[in-house]
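Residue numbers for the sequence shown follow full-length UniProt numbering, so the first one is 1 and each next one is one higher.
Positions of the beta carbon are idealized from the N, C-alpha and C atoms, including for glycine.
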Amino acid sequence: MYQKVFIHLEILPVFSSLCALPIGEYAAVTLLMFFGLKSIKDAWDLPSIVVKSGDKSGPELDEFVEAEELVKEKVSKRLTNPLEIVWKSFSLVFFAEWGDRSMLATIALGAAQSPWGVASGAIAGHLFATTIAILGGAFLANYISEKLVGYLGGALFLVFCCSHIFWSFLINS
Numbered sequence: 001m002y003q004k005v006f007i008h009l010e011i012l013p014v015f016s017s018l019c020a021l022p023i024g025e026y027a028a029v030t031l032l033m034f035f036g037l038k039s040i041k042d043a044w045d046l047p048s049i050v051v052k053s054g055d056k057s058g059p060e061l062d063e064f065v066e067a068e069e070l071v072k073e074k075v076s077k078r079l080t081n082p083l084e085i086v087w088k089s090f091s092l093v094f095f096a097e098w099g100d101r102s103m104l105a106t107i108a109l110g111a112a113q114s115p116w117g118v119a120s121g122a123i124a125g126h127l128f129a130t131t132i133a134i135l136g137g138a139f140l141a142n143y144i145s146e147k148l149v150g151y152l153g154g155a156l157f158l159v160f161c162c163s164h165i166f167w168s169f170l171i172n173s
């Protein structure tokens, strides 16, 4: 009898308090901090003299070569069907983003926050980022180094991390 009372009065409150932990909040903060620090570390590790956009290496080179080959192929035989253009653009962006940091961060935020708000923000953010990339990427690459982009991106992740800590744990508790 003593064991049952002990279990109900001593152990079960511990388990219920562990279950009440906002796991999604902790995961979001952890991922945002990890990706912020990783972006800053990657930018730190880049050489001071950044190679131009045509001199890429590694996975970026593979994506660049694939996109360049697709452009050369399609220039020779112009795309006539607008749906084919949409499909090619969609598939290139979808598979490039699959498993990316932004996807993992969005999953963590979706688990911790309102899914509709996260979806709306992710769609708006992706639309804005894609628009900037399309309109100004080649122009800005001549003036802004990859190192600076890494530092700014990492700092932005850390700002979001601090903001999430502030709103989730300090204001809402």
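Checklist line | Backbone CA spacing between ALA141 and ILE85 [nearest angstrom] | finding: Here the alpha carbons of ILE85 and ALA141 stand approximately 25 Å from one another.
Next item on the list: Report all residues from its chain with a CB closer than 7 Å to the CB of HIS164; omit the five preceding and five following residues, and keep chain order.
Entry: The answer, listed in chain order, is ALA28, VAL29 and LEU32.
Next item on the list: Would you kindly check if the distance between the Cβ of CYS161 and the Cβ of GLY24 is under 8 Å?
Entry: No, the Cβ-Cβ distance between GLY24 and CYS161 is not below 8 Å.
Checklist line | Beta-carbon proximity list for THR130, same chain, < 8 Å, skipping 5 on both sides | finding: Within its own chain, the residues whose Cβ lies closer than 8 Å to the Cβ of THR130, once the five positions on either side in sequence are excluded, are VAL93, listed in chain order.
Checklist line | Local conformation of PRO47 per DSSP, three classes | finding: In this structure, DSSP gives PRO47 a state outside helix and strand, which the three-state scheme calls coil.
Notebook entry, point to check: What is the rounded straight-line gap between the Cα of PHE34 and the Cα of ASP100?
Noted result: About 13 Å.
Next item on the list: Taking all protein chains shown into account, decide if PHE95 is buried (16 or more other Cβ within 10 angstroms of its Cβ) or exposed.
Entry: A residue is called buried once 16 or more other Cβ atoms fall within 10 Å of its Cβ, and PHE95, having fewer, is exposed.
Notebook entry, point to check: Is the beta carbon of GLY153 sitting closer than 8 Å to the one on SER39?
Noted result: A Cβ-Cβ contact shorter than 8 Å links GLY153 with SER39.
Check: To the nearest angstrom, how far is it from the Cα of ALA108 to the Cα of ASN81?
Finding: Straight-line Cα distance between these residues: approximately 38 Å.
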